[in-house]
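These notes concern the structure reproduced below.
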Amino acid sequence: MFAHALSGITARPARLAAVLAAIVLGTLFLAATAVFTATSAAGMRLVAAAPLTAADVIVDRDPDAPDPGADWPAHVAGHPGVTATAPVHAATVELVTGEARATTNVYSVSDRPELRWFELSEGVWPTGAGEVVADGPTLESAGLAVGDTVRLLADGEEAEVTVVGAADLGFRPLTGVVYRLYASEDFFAGESPQSVTARVGAGTSPEEAVAGLTASLPGGLHAMTAREQAGLAADRFAGGSRQLELIMLVFALIALLSASLVITNTFTILVSQRRRETALLRLVGADRSQVRNLVLAEALVVGSVGSALGVAAGVGVGYAGASLAGLAGDGLHVGVPALAGSFLAGVAATLCAAWFPARGAASTAPVEALRSASLPGGVRFRAVHGAGLALAVLGTAGTVFGAWADDLPAAIAGGSLGAVGLLVFLRYALSRLIRAAGGLLLRRRGVPELAGANLRRATGRSATAALTLVLGLGLITALLTAAETGRATIDGDLDARFPVDVSARVDEGSVDPGTVDLIRGIDGLALVEAPRTARVEIAGLGGTTLVGVSPEMARAAGSAAVAQDGPGPPALLVSADQARALGAATGDTVDLAVDGRPHPFTLHVSALATVSGSPGPVVREEVLDSLAPGGERGVVWGVAADGADTDALAGRMARIAGADPRIAVNGALAERGDLTGVLDVLVGLALAMLLVTVVISGLGVANTLGLSVLERTRELALLRALGLTRGGLRATLAVEAAVIAAVGALLGLLIGVPYGLVGVKAVIGGTAPLVVAVPWSGTALVLAAALLIGIAATLLPGRRAARIAPAQGLGVD
Amino acid sequence: MGTTDGGRHGPALEAVGLVKGFGTGEAAVTAVAGVDLALDRGEFVAVMGPSGSGKSTLMNLLAGLDTPTSGRVLIEGTDLSGLDDRGLTRLRRERIGFVFQAFNLVPTLTAEQNILLPLALAGRRPDRALLEDLVESLGLGDRLRHRPAELSGGQQQRVAVARALVTGPAVVFADEPTGALDVAAGRGLLERLRDAADRQGRTVVMVTHDPVAAAFADRVLLLSDGALHGVVERPTADTVLAAMARAEA
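From first to last, the protein sequence lines stand for chains A and P.
So for the first sequence, full-length UniProt numbering puts the first residue at 1; every next one is plus one.
So for the second sequence, full-length UniProt numbering puts the first residue at 1; every next one is plus one.
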């Protein structure tokens with residue numbers, strides 16, 4: 001039996017090439033995910049544990065307990081058996097160079113060589129409070145070199161330090177763009193360290209030292225071996241990567257599902273092509289289970305070979321991915337159970353996919369060996385399609401309900417159910433659509449007529465091929481829509497929270513006129529103004545900075561109340577907290593004592609009153625002049641032009657802030673960059689992973705056409721004999737492929753856009769008003785891609801068809 | 001082996017009141033309209049008749065490939081109507097052989113694998129002596145490693161005969177076995193079938209419309225409109241032609 005299956009495969013290996021390719025891609029993805037995960041987790045553990053490599057014991061200070069004082073490390077150093085100790089400090093400061101300023105972490109590095117955990121690639125170790133070393137990436141991205149002097153700002157204090165060396169940390173994973181500096185213990189003089197690392201002498205084990213320290217140390221100090229602590233740190237570090245693993249796993253499973261569809265289709269076509277051969281087997285005495293097992297044995301062989309290849313390639317791809325991400329520091333890590341799981345998943349997917357075709361083969365009647373072969377038909381509406389439709393409707397209803405009721409689990413459950421229902425129902429719907437499209441083509445003479453007739457006769461397999469496209473393109477569309485809508489929603493939310501895009505403020509006096517000019521000079525800012533400010537005492541609010549803006553700035557910042565000089569008391573913009581403190585709401589008229597003199601105002605709650613980072617009520621400039629005359633201009637506000645490059649704006653602002661350490665920068669720019677940056681990375685990653693699914697579906701379309709060409713050799717030869725040119729033959733195939741691709745892409749768009757919208761709504765929930773944005777350019781790309789896939793899919797089958805000689809139509813089969 | 005001793009004494013193949021109709025109402029067609037026959041062990045009969053006379057339907061019914069509207073078919077005393085799909089499959093595998101006009105062999109298997117296919121499906125070891133005897137008498141000795149595409153039409157058909165005989169069946173059904181062969185190859189094939197009936201005691205049922213082929217049989221059954229319209233005993237090509245002319249008149 002098995003030999004027969006093998007002979008079937010070796011006799012016509014090309015027919016199973018698509019199955020093999022699909023299963024290789026699917027398992028490759030799974031195995032690559034497993035290897036990437038294991039390798040990067042090990043790499044990250046290495047990073048997390050690195051600072052502890054030189055220590056034997058670590059003592060932590062309980063952050064909630066009372067500070068035991070800056071000299072608490074002496075308790076540890078005085079313990080018998082401990083030979084050396086080093087305090088561990090960390091601080092977050094602003095690094096200011098001539099170019100820019102950025103958040104920077106400063107860590108302590110031990111003054112004792114035996115407790116240092118990295119080497120220097122250049123320069124010397126820091127001594128005293130005025131010297132630091134930096135790691136390579138920090139030096140590179142901050143544009144610094146050994147010998148340079150930088151300023152560090154922390155809590156209003158400023159220090160100047162010299163970079164005296166470059167640290168060689170081995171490797172550093174993508175843990176964000178935070179700069180790292182390492183300073184000597186003197187830099188942190190007078191501060192109570194978070195931890196103390198210690199080495200123990202020969203004759204004392206770390207465990208003994210921990211036991212001794214635990215007995216003798218005062219409360220609030222906890223000793224632990226360095227190895228134990230390294231394990232804990234690594235676990236904390238790895239926890240953050242779980243979500244990424246999960247996302248990758250989901251996309252790998254989607255790719256595998258798509259591969260399964262391609263496999264089902266291929267086997268269905270193969271089984272129908274071998275119908276007479278199968279009937280012959282039944283005739284000479286094969287029972288149903290033997291016929292079924294024959295197909296399954298073939299699937300087992302192909303699935304095993306494909307899965308083995310996929311897993312082997314996946315190890316390489318996964319390791320390459322981890323290396324590219326800079327996470328492969330601990331070398332290749334391969335989880336044998338995970339790889340075995342990937343292999344088995346690939347084999348199981350192939351077998352499951354071949355199950356229905358195998359059952360179809362088993363139902364072949366022996367008498368069909370004596371008749372001429374019948375052609376496969378379409379998809380009849382069966383109970384399972386009705387159930388799929390019902391499930392799709394129910395699931396969609398659940399998702400919509402979940403999205404609008406802010407119930408994320410309900411939305412996810414509904415979405416998953418709906419997707420399953422759609423997958424089941426869509427094959428029928430696609431079959432009808434392709435039939436209808438074929439019917440339209442039949443009205444034309446010539447090539448479209450031939451293509452239409454052929455589409456109509458095997459709508460079932462065309463439907464399955466199109467279904468894989470719907471899966472891939474639909475997910476891409478959903479993702480693009482979600483990203484676009486998410487971005488628009490974030491922008492809308494930021495516009496509401498930050499009426500101005502750029503805000504710079506000084507705590508006292510005026511912003512340096514040079515800095516104001518620099519901000520004015522930024523391209524992409526439509527309006528820049530340095531409004532007048534004055535420190536005033538307002539009854540009920542205490543001392544605060546009052547800002548007086550021009551009507552133009554008020555209008556640009558979306559504050560109509562201040563922009564219009566209507567009748568009644570002048571408008572006063574306050575924060576929501578301030579309005580509460582005053583016991584008033586928007587629109588109320590209040591009498592407030594400003595610097596002791598009462599004035600009537602119309603109160604408005606506005607985000608403009610908090611845009612500078614601290615609450616500052618806003619009035620029109622002439623109102624401020626009448627309340628508190630003066631010449632102080634303590635803030636600068638800028639509003640970006642529509643469509644301005646926000647990344648470039650943010651970069652320019654960072655440089656200006658670097659040059660003028662007195663100003664504090666706020667505004668939408670900073671936050672927008674962070675949020676949309678994360679979004680872009682996630683979407684890019686997901687799109688790259690979905691590409692695998694699209695490639696698999698392209699394979700499926702090509703395979704469907706290719707096998708149909710094989711099947712129709714006689715018919716195509718007859719057409720050639722009757723005068724159809726090679727070009728005409730290719731054109732017929734191209735039209736067929738285009739119809740399948742177009743139907744698949746259109747349904748993908750039709751389903752993907754609402755799914756994406758509902759998905760974003762479900763995630764954002766009520767935290768911000770949803771701004772719907774359809775990614776038109778992305779949609780056009782999806783359509784173009786589908787067409788490209790269709791054309792590419794006809795290349796090989798077209799060549800094969802063109803090789804058919806007209807005389808082949810006359811022979812006996 | 002699935003045979004019973006009782007079966008060896010009765011007719012190898014028996015049909016009682018066999019009727020097969022297709023469709024209902026105005027479109028109803030009776031393809032086989034009441035056929036009774038009993039064939040002994042080692043008997044070789046030819047079934048003849050014009051197109052649409054019900055030859056193929058009759059053969060399908062006799063071989064258990066189709067179920068009659070009424071009537072029964074018995075092979076070695078076993079009533080086919082009492083068998084489920086598994087039982088029918090087993091019967092085909094062990095007691096029936098098939099040879100037909102075209103597409104007789106599995107293209108991906110060698111000649112030897114094709115011959116042994118029924119035994120492989122049954123999980124039985126081939127009887128080497130019987131196989132060698134078959135292969136030698138059919139002149140296939142040097143062709144066993146070839147695939148069907150590498151064999152001539154006559155050779156392919158001889159492989160099919162070997163496959164039909166390798167299980168030692170009670171009945172061999174042959175549907176136009178010489179239809180695609182040249183005269184010499186056709187004659188050789190018919191001699192093999194004759195030989196199988198005479199020497200091995202196989203009952204052979206052959207559907208044909210060639211009077212020369214029919215002349216190799218012991219009896220010719222003339223079928224017309226689904227019913228038997230005459231029998232030619234010890235036929236020659238001439239007597240068959242004359243009988244056919246009478247039947248059509």
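Just so it is clear, CB atoms sit at the ideal spot from N, CA and C, and this is done for glycine as well.
Just so it is clear, the structure is predicted and the values come from calculations on it, not from any experiment.
Relative to the C-alpha of residue i, which candidate in the options has its C-alpha closest?
| i | options | result |
| --- | --- | --- |
| V639(A) | R444(A), A526(A) and S612(A) | A526(A) |
| I77(P) | N114(P), R95(P) and T69(P) | Inspection of the sequence shows that residue 77(P) is occupied by Gly rather than by Ile. Of the listed residues, the one whose Cα sits closest to G77(P) is R95(P). |
| G310(A) | A328(A), V295(A), L344(A) and R282(A) | L344(A) |
| L83(P) | L65(P), A170(P), D40(P) and V159(P) | L65(P) |
| E736(A) | V88(A), A437(A) and A223(A) | A437(A) |
| I412(A) | I789(A), G26(A), A762(A) and A556(A) | A762(A) |
| I791(A) | S777(A), A742(A) and L757(A) | A742(A) |
| V207(P) | V32(P), L58(P) and L121(P) | L58(P) |
| L781(A) | R800(A), L16(A), G748(A) and I764(A) | G748(A) |
| V424(A) | R444(A), G460(A), L455(A) and T399(A) | G460(A) |
| E122(A) | G147(A), Y107(A), L115(A) and L479(A) | G147(A) |
What is the DSSP secondary structure of residue i, reduced to helix, strand or coil?
| i | result |
| --- | --- |
| D36(P) | strand |
| T468(A) | helix |
| V35(A) | helix |
| H209(P) | coil |
| R799(A) | helix |
| H604(A) | strand |
| I58(A) | strand |
| V232(P) | strand |
| L174(A) | Interpretation of L174(A) is limited by its pLDDT of 47, a score under 50 that renders its predicted location unreliable; no figure is taken from the coordinates. |
| F118(A) | coil |
| D66(P) | coil |
| G548(A) | strand |
| A530(A) | coil |
In whole angstroms, give me the CA-to-CA distance for residue i and residue j.
| i | j | result |
| --- | --- | --- |
| T103(A) | E94(A) | 5 Å |
| D238(P) | M48(P) | 14 Å |
| residue 879(A) | P80(A) | No answer is possible for residue 879(A): it lies beyond the span of chain A, which begins at 1 and ends at 813. |
| V528(A) | A628(A) | 23 Å |
| L467(A) | G42(P) | 58 Å |
| residue 815(A) | D523(A) | Within the shown structure, residues of chain A are numbered from 1 to 813, placing residue 815(A) beyond reach of any answer. |
| H229(P) | L223(P) | 6 Å |
| A84(A) | R535(A) | 54 Å |
| S53(P) | G139(P) | 36 Å |
| S56(P) | D133(P) | 31 Å |
| Y319(A) | R276(A) | 47 Å |
| L151(P) | A279(A) | 22 Å |
| T149(A) | V164(A) | 9 Å |
| D155(A) | L256(A) | 54 Å |
| V19(A) | T266(A) | 7 Å |
| I263(A) | G723(A) | 36 Å |
Starting from residue i, find everything on chain P with Cβ-Cβ shorter than 7 Å and list it in chain order.
| i | result |
| --- | --- |
| L283(A) | R92 and F98 |
Just to make sure I have the definition right: I need the residues of chain A whose C-beta is within less than 8 Å of the C-beta of residue i. Which are they?
| i | result |
| --- | --- |
| P118(P) | V284 and G285 |
| A145(P) | Note that residue 145(P) is Arg in the sequence shown, not Ala. What R145(P) touches in chain A: nothing, since even the nearest Cβ is about 13 Å away. |
Applying a beta-carbon distance threshold of less than 9 Å, which residues of chain P neighbour residue i?
| i | result |
| --- | --- |
| R288(A) | D85, R86 and T89 |
Taking residue i as the query, report the chain A residues whose CB atoms sit under 7 Å from its CB, ordered along the chain.
| i | result |
| --- | --- |
| residue 251(P) | In this structure chain P extends from 1 to 249, so residue 251(P) is not present and cannot be described. |
Assign residue i to one of two classes, buried (16 or more other C-beta atoms within 10 Å of its C-beta) or exposed (fewer than that).
| i | result |
| --- | --- |
| E140(A) | exposed |
| G566(A) | exposed |
| E119(A) | exposed |
| D198(P) | exposed |
| Q194(A) | exposed |
| E14(P) | buried |
Looking at the ligand COA, does it come within less than 7 Å of residue i, judged from the CB to the closest heavy atom?
| i | result |
| --- | --- |
| A453(A) | The ligand COA is absent from the structure shown, which contains no ligands of any kind. |
Counting only Cβ pairs nearer than 9 Å, list the residues of chain A close to residue i.
| i | result |
| --- | --- |
| R158(P) | None at all; the shortest Cβ gap to chain A is about 16 Å. |
Give the interface partners of residue i over in chain B, defined as CB-CB distance under 7 Å, in chain order.
| i | result |
| --- | --- |
| A122(P) | The displayed structure is made up of protein chains A and P, and chain B is not among them. |
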